Amino acid sequence: MITPRFSCSQNENSVVVSVYCPSVRASDVEINVDESLFTLHINPYYLRLNFPHPLQEDDEASAQYDPGSGFLTVTLTKAVPGQPFEDLDLLAKLLAPRPSESRSQGPLIEVLDSQAPEESVEDDLIAQTENLSLERNEILEAAENDWQLKQEVPEPLSSLKTTTQERYGFLDMYTGYFQHVGHTENEVNELGADAETCSPAERRTRRVRHEDGKWDEEHYMADFADDDYIQELIRWTHPHTVAQTDFAYTEEENLVMLRLPRKEYLVTASQTHHLYLTLLTLLFAYAYDSRTTQHDPTPESGWTISTLVPAFAALDPAPYSPPPPDGPPATFAPSELAAVFTASYRRALAFPLFRSFALAERCRADVAAVLRGGRRVVVRCLLELKRVLDRHDVYYVYSKIWVDDFCVWAQALASDDALLRLAAAVGALRMEKRFVGWDLEELEGLTRADGERADDSDDESEDEVERMLPAPL
1 MITPRFSCSQ NENSVVVSVY CPSVRASDVE INVDESLFTL HINPYYLRLN
51 FPHPLQEDDE ASAQYDPGSG FLTVTLTKAV PGQPFEDLDL LAKLLAPRPS
101 ESRSQGPLIE VLDSQAPEES VEDDLIAQTE NLSLERNEIL EAAENDWQLK
151 QEVPEPLSSL KTTTQERYGF LDMYTGYFQH VGHTENEVNE LGADAETCSP
201 AERRTRRVRH EDGKWDEEHY MADFADDDYI QELIRWTHPH TVAQTDFAYT
251 EEENLVMLRL PRKEYLVTAS QTHHLYLTLL TLLFAYAYDS RTTQHDPTPE
301 SGWTISTLVP AFAALDPAPY SPPPPDGPPA TFAPSELAAV FTASYRRALA
351 FPLFRSFALA ERCRADVAAV LRGGRRVVVR CLLELKRVLD RHDVYYVYSK
401 IWVDDFCVWA QALASDDALL RLAAAVGALR MEKRFVGWDL EELEGLTRAD
451 GERADDSDDE SEDEVERMLP APL
């Protein structure tokens, strides 16, 4: 079945679903409303939407088909007149499956009859006791005499592994995407042919080692000494960091959202916390590429974005600091945010063309501004990042195992309140140059000293030239 293009709007008492289904017979349309679940079937199209509040079928509900435009307009009545329906523009959230109902925590055994059988309960217990093994008899005797048997906490069973493959990607849901990596020109992959079998700890070790190997002091000092163009990039204003009062997704963005996977994510609180942290690395890479290209992606943008995200290049997502003993905090601690941005800063200073700590700081400010825009702006940035990756012959794989799911998750499960708290924490974060571990302050001091000596040398040369000139007549 084909999911048709659609859009949703609302008024005081109704929700209007506009569906593009050209060249169909209106008499064949099947519409069903089950509280908040709306389904539409008209061959070959099928649409299922989960609204945030219940609807009802009454005399006010209607469906009209315009053969000229190919649009079917369905008007649904709100069960509670005047109740606002949130997030009607987040198509992936509407298309997401209905959340699974939690299973009852009641007893697993149903008591059918509580009456005692004809035989004596005592006689039955005696008969069963006689069939017990010697060990069980000892336990019963110990219990009867109130002996204190030694008890130990059982050791947790190690997870059973039936394959050498390791999982990766969004919520560790993927395997097999790098089986033939040796036959593709993936310049980003830092794990090589071991991408499918590297453990998470080994991935992180290889990533850090690769960053240290790619770090170039002379490149950093050269960009620090001659930073006129970098300062121009820093002064540029990203359009998505400016508050928008009339936000609306474009037709192209809506089409991309319709093609996103429809999954139900059963995410724990710890996993949700880690997803927010990983989201920061994606937005940082997007901000760096957008700023250095001034929002006009180049053929190198796919490489730049994939290289700057540790979860792409080394399959190493956040968190990058040890978790607290009592689990992830309700808020975002400065230490864990600093660890996340340290990973992004190191890559921004070791790999791309422009290597500047000040530029990395400006990109972090962009991330905070995007987060302040809420889910809609975050999803727009993710869709733009996805478009860059999807156009590349190799790097599209990172869209499949990370960005697609992030686009769905951000619409359906991310919280605007959490994004605002995260934006405030990222904006207030104080990143120090010593965090990256490459003596940036010392290198900058040496660069300044070299510049001052060069200026003094130029002055002395000018004085020498003046002394050699003949005296004026």
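The opening residue of the sequence shown carries number 1 in the UniProt record's numbering; numbering runs sequentially from there.
Positions of the beta carbon are idealized from the N, C-alpha and C atoms, including for glycine.
Just so it is clear, the structure is predicted and the values come from calculations on it, not from any experiment.
- In the displayed model, residue 321 falls within coil according to three-state DSSP, outside both helix and strand.
- The way I'd put it, the stretch 289-298 does touch the stretch 235-247; three or more beta-carbon pairs between them come closer than 8 angstroms.
- By DSSP's assignment, residue 34 forms a beta bridge with 37.
- Contact check for residue 312 against residue 398 passes: the beta carbons are separated by less than 8 angstroms.
- The Cβ atoms of residue 42 and residue 24 lie closer than 8 angstroms to each other.
- With distances taken between CA atoms, residue 277 lies nearest to 368 out of 245, 261, 368.
- In its chain, beyond the 5 residues on either side, 1 have a beta carbon closer than 6 angstroms to the beta carbon of residue 46.
- By alpha-carbon distance to residue 321, the top candidate from 70, 339, 196 is 339.
- When C-beta atoms of the stretch 254-271 are compared with those of the stretch 403-412, three or more pairs fall below 8 angstroms, so the two segments count as touching.
- Looking at the DSSP output, residue 62 bridges to 75.
- DSSP places residue 363 in the helix class (H, G or I) of the three-state scheme.
- Minimum Cα-Cα distance from residue 344 among the listed residues 389, 58, 5, 282 corresponds to 282.
- One alpha carbon belongs to residue 69, the other to residue 266, and they sit about 40 angstroms apart.
- Within the DSSP bridge table, the entry for residue 244 names no partner.
- Inter-residue distance for residue 274 and residue 318 is about 6 angstroms (C-alpha atoms, whole angstroms).
- When the beta-carbon positions are compared, residue 35 and residue 81 stay at least 8 angstroms from each other.
- From the listed residues 51, 93, 172, 222, the smallest Cα separation to residue 83 is found for 51.
- With respect to the 8 angstroms criterion, residue 350 and residue 211 are classified as neighbours on the basis of their beta carbons.
- Judged by DSSP secondary structure, residue 10 falls within the beta strand (DSSP E) whose first and last residues are 5-10.
- Distances from the alpha-carbon of residue 268 to those of 379, 389, 48, 413 put 413 closest.
- When the five nearest sequence neighbours on each side are left out, the beta carbons in the same chain lying within less than 7 angstroms of the beta carbon of residue 381 are those of 240, 283, 286, 370, in order along the chain.
- The C-beta separation of residue 203 from residue 315 comes to about 5 angstroms, placing the pair in contact by the 8 angstroms criterion.
- Taking a contact as a CB-CB distance under 8 angstroms, the pair residue 363 and residue 288 counts as one, their CB atoms being some 5 angstroms apart.
- Looking at 392, 192, 178, the one whose alpha-carbon comes closest to that of residue 299 is 392.
- In the DSSP annotation of this structure, residue 204 is not part of any beta strand (DSSP E); the continuous alpha helix (DSSP H) holding it starts and ends at 200-214.
- Counted as a single uninterrupted DSSP element, the stretch harbouring residue 344 is not any beta strand (DSSP E) but the alpha helix (DSSP H) occupying residues 334-350.
- Secondary structure at residue 48: strand, using DSSP grouped into helix, strand and coil.
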